[in-house]
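Have a look at the structure below, then the notes.
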Amino acid sequence: MIPTARSYRLAKARVHQSVTPGLAAISDSDGFALVDVTVTDGRIAAITPHDRAAAHANATDLGGRIVLPCFVDCHTHIDKGHIWPRRPNPDGTFMGALNAAGADRVARWNAEDVARRMDFSLRSAYAHGTRALRTHLDSVPPQEEISWPVFEAVRDEWRGRIELQGACLLGIDGVRDKKWFDALAARVAAAKGVLGVVTYMLPDLEELLDHVFAKAIEHGLDLDFHADETDDIAAISLKKIAEAALWSGFEGNILVGHCCSLARQPDLDVLETLDKVAKAGLAVVSLPMCNLYLQDRRSDQTTPRWRGVTLLHEMKARGIPVAVASDNTRDPFYAYGDLDMLEVYRMATRILHFDHPVADWPKAVAATPAKVMRLDGFGTLAAGGDADFIVFKGRSWTELLSRPESDRIVVRAGHAIERELPDYAELDELMVE
Ligand SMILES: [Zn+2]
Numbered sequence: 001m002i003p004t005a006r007s008y009r010l011a012k013a014r015v016h017q018s019v020t021p022g023l024a025a026i027s028d029s030d031g032f033a034l035v036d037v038t039v040t041d042g043r044i045a046a047i048t049p050h051d052r053a054a055a056h057a058n059a060t061d062l063g064g065r066i067v068l069p070c071f072v073d074c075h076t077h078i079d080k081g082h083i084w085p086r087r088p089n090p091d092g093t094f095m096g097a098l099n100a101a102g103a104d105r106v107a108r109w110n111a112e113d114v115a116r117r118m119d120f121s122l123r124s125a126y127a128h129g130t131r132a133l134r135t136h137l138d139s140v141p142p143q144e145e146i147s148w149p150v151f152e153a154v155r156d157e158w159r160g161r162i163e164l165q166g167a168c169l170l171g172i173d174g175v176r177d178k179k180w181f182d183a184l185a186a187r188v189a190a191a192k193g194v195l196g197v198v199t200y201m202l203p204d205l206e207e208l209l210d211h212v213f214a215k216a217i218e219h220g221l222d223l224d225f226h227a228d229e230t231d232d233i234a235a236i237s238l239k240k241i242a243e244a245a246l247w248s249g250f251e252g253n254i255l256v257g258h259c260c261s262l263a264r265q266p267d268l269d270v271l272e273t274l275d276k277v278a279k280a281g282l283a284v285v286s287l288p289m290c291n292l293y294l295q296d297r298r299s300d301q302t303t304p305r306w307r308g309v310t311l312l313h314e315m316k317a318r319g320i321p322v323a324v325a326s327d328n329t330r331d332p333f334y335a336y337g338d339l340d341m342l343e344v345y346r347m348a349t350r351i352l353h354f355d356h357p358v359a360d361w362p363k364a365v366a367a368t369p370a371k372v373m374r375l376d377g378f379g380t381l382a383a384g385g386d387a388d389f390i391v392f393k394g395r396s397w398t399e400l401l402s403r404p405e406s407d408r409i410v411v412r413a414g415h416a417i418e419r420e421l422p423d424y425a426e427l428d429e430l431m432v433e
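If you're matching positions, the sequence shown starts at 1 in our numbering and goes up one per residue.
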């Protein structure tokens with residue numbers, strides 16, 4: 001369906017105004033506009049309102065199929081991915097996940113194991129239409145010495161297909177060992193990575209956060225936090241991060257993931273926190289599938305009563321940049337998943353109500369995470385930009401989000417790619433005891 005010529009025209013593509021700038025005036029109530037797209041030498045030469053009269057005889061008619069920019073997945077754990085067969089979560093709880101993943105890391109995460117599982121994950125993400133991806137990397141000693149060199153090699157190998165970013169991951173109590181943490185920050189800086197920690201309520205949380213910010217400033221690093229992944233209303237580390245950002249005068253990008261407890265806190269507390277988050281310029285990413293899986297998991301076989309996600313609508317209304325992302329895939333934190341950002345968007349639409357109206361929610365899997373990750377030109381369709389987009393079967397939101405769209409067409413630099421998902425059997429030999 002996608003021509004192989006160096007220049008071609010796609011007629012009657014349905015694009016969304018939130019991720020295709022300049023179309024608001026001609027878009028319908030769902031935010032869609034029918035356009036003709038000209039592609040030349042791997043770039044988008046022009047996007048013009050669809051003109052039936054002017055339709056070229058040699059144009060390819062997309063028949064109103066939806067065309068979205070390639071996805072940007074800003075929060076994943078591809079170092080943990082696909083270990084489920086050898087290390088399942090015994091009870092589906094957060095603690096069960098933490099213990100199982102930790103034991104697997106100590107026992108099994110040599111360079112080859114990490115590299116092969118990472119590559120498997122990236123092949124899936126690429127086939128589904130993802131163009132950029134940030135992964136956290138467990139950096140508890142001695143794992144950082146194994147995983148960061150693997151990450152650098154994998155990033156080089158994937159350059160041009162998936163722009164890969166890495167953020168270190170450790171509990172913030174690990175920052176108490178300043179000598180070790182300072183060396184880690186230097187290592188992350190050497191790899192052009194992102195400084196990341198998991199925050200939870202500790203008596204010295206503020207002091208530890210101050211140190212994290214000081215190191216980020218010293219090395220010119222962006223920050224990425226896992227915060228308050230719990231239903232405990234006493235968990236307010238999101239607010240502490242915002243305060244630390246304001247105190248420190250930090251000017252880099254800060255992404256905060258999860259923030260589940262915020263949805264359980266009293267309204268006045270929530271408003272105070274959101275004011276600070278907005279003022280401090282934090283961006284927030286919700287991980288709807290993983291949070292749905294882990295949060296409100298009950299040991300007594302009773303039914304979960306809440307969805308686990310944070311207050312994205314309230315955040316967006318205040319101008320806080322908000323995203324959704326994959327998080328874990330087939331590991332103890334989430335038994336499922338395949339780094340398919342259409343699945344994430346579909347699930348987010350159901351769990352978080354990204355509909356009625358859809359408004360500009362598509363940005364949450366495209367332009368917004370691209371900005372957080374400092375990737376110019378990613379996550380939008382625009383004349384002059386790269387011809388990196390996905391052509392779906394669906395012609396409306398209800399068609400797009402009702403089926404898995406396994407037959408979507410992924411176009412990279414103007415050409416339809418071979419979309420081959422890796423076979424699970426490839427990992428079998430890594431799964432034996
Ligand atoms: Zn995570």
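In this text, a Cβ means the ideal position worked out from N, Cα and C, and glycines have one as well.
Alpha-carbon to alpha-carbon, residue j and residue i
i: Ala103; j: Leu427; result: 19 Å
i: Arg322; j: Phe354; result: First, the amino acid is wrong: residue 322 is Val here, not Arg. Distance between the alpha carbons of Val322 and Phe354 is about 12 Å.
i: Leu375; j: Ile78; result: 20 Å
i: His136; j: Met118; result: 12 Å
i: Phe181; j: Ser27; result: 50 Å
i: Ala367; j: Asn291; result: 23 Å
i: His16; j: Ala33; result: 6 Å
i: Arg346; j: His258; result: 18 Å
i: Thr4; j: Ile409; result: 14 Å
i: Leu209; j: Ala244; result: 7 Å
i: Ala45; j: Ser139; result: 43 Å
i: Ser170; j: Val198; result: A small correction: the amino acid at residue 170 is Leu; Ser does not occupy that position in the sequence shown. Between Leu170 and Val198, the C-alpha separation is close to 6 Å.
i: Glu399; j: Trp109; result: 41 Å
i: Ala54; j: Ala278; result: 46 Å
i: Asp407; j: Glu152; result: 32 Å
i: Asp327; j: Lys80; result: 10 Å
i: Cys74; j: Ala100; result: 24 Å
i: Glu144; j: Tyr126; result: 26 Å
Presumed contact (8 Å Cβ cut-off) between residue i and residue j, rounded CB distance
i: Arg131; j: Glu163; result: 7 Å
i: Val39; j: Phe378; result: Going by Cβ atoms, the distance from Val39 to Phe378 rounds to 17 Å, so no, they are not a contact pair.
i: Ala283; j: Asn253; result: 7 Å
i: Gly196; j: Ala167; result: 4 Å
i: Leu223; j: Thr273; result: Contact flag wrong, Cβ pair sits at about 17 Å.
i: Ala263; j: Thr310; result: 6 Å
i: Thr380; j: Val19; result: 5 Å
i: Arg116; j: Ala59; result: The pair is not a contact, with the Cβ atoms about 43 Å apart (cut-off 8 Å).
Any non-hydrogen atom of ligand 1 within 8 Å of residue i CB
i: Cys168; result: no
i: Gly257; result: yes
i: Asn328; result: yes
i: His82; result: no
i: Phe333; result: yes
i: Cys290; result: yes
i: His50; result: no
i: Leu287; result: yes
i: His356; result: no
i: His415; result: no
i: His211; result: no
i: His226; result: yes
i: His353; result: no
i: His313; result: no
i: His75; result: yes
i: His128; result: no
i: His136; result: yes
Where residue i sits in the DSSP three-state scheme
i: Val309; result: coil
i: Cys74; result: strand
i: Ile146; result: helix
i: Pro85; result: coil
i: Pro288; result: helix
i: Asp386; result: strand
i: Lys80; result: coil
i: Phe32; result: strand
i: Arg6; result: coil
i: Gly257; result: strand
i: Val432; result: coil
i: Ala57; result: coil
i: His50; result: coil
i: Val19; result: coil
i: Arg318; result: coil
i: Thr93; result: coil
i: Asp104; result: helix
i: Thr40; result: strand
i: Arg123; result: helix
i: Thr273; result: helix
i: Leu62; result: coil
i: Asp138; result: strand
### Task
Could I get the ranges of all uninterrupted alpha helix (DSSP H) runs contained in the stretch 160-235, with 4 residues as the minimum, in chain order?
Within the stretch 160-235, the complete alpha helix (DSSP H) runs of at least 4 residues are 178-190, 205-219.
### Query
Can you give, in chain order, each stretch of the beta strand (DSSP E) that sits fully within the stretch 389-422 and has at least 3 residues?
The qualifying runs are 389-391, 409-412.
#### Entry: Inside the stretch 320-379 only - alpha helix (DSSP H) runs reaching at least 4 residues
Correct list: 341-352, 367-372.
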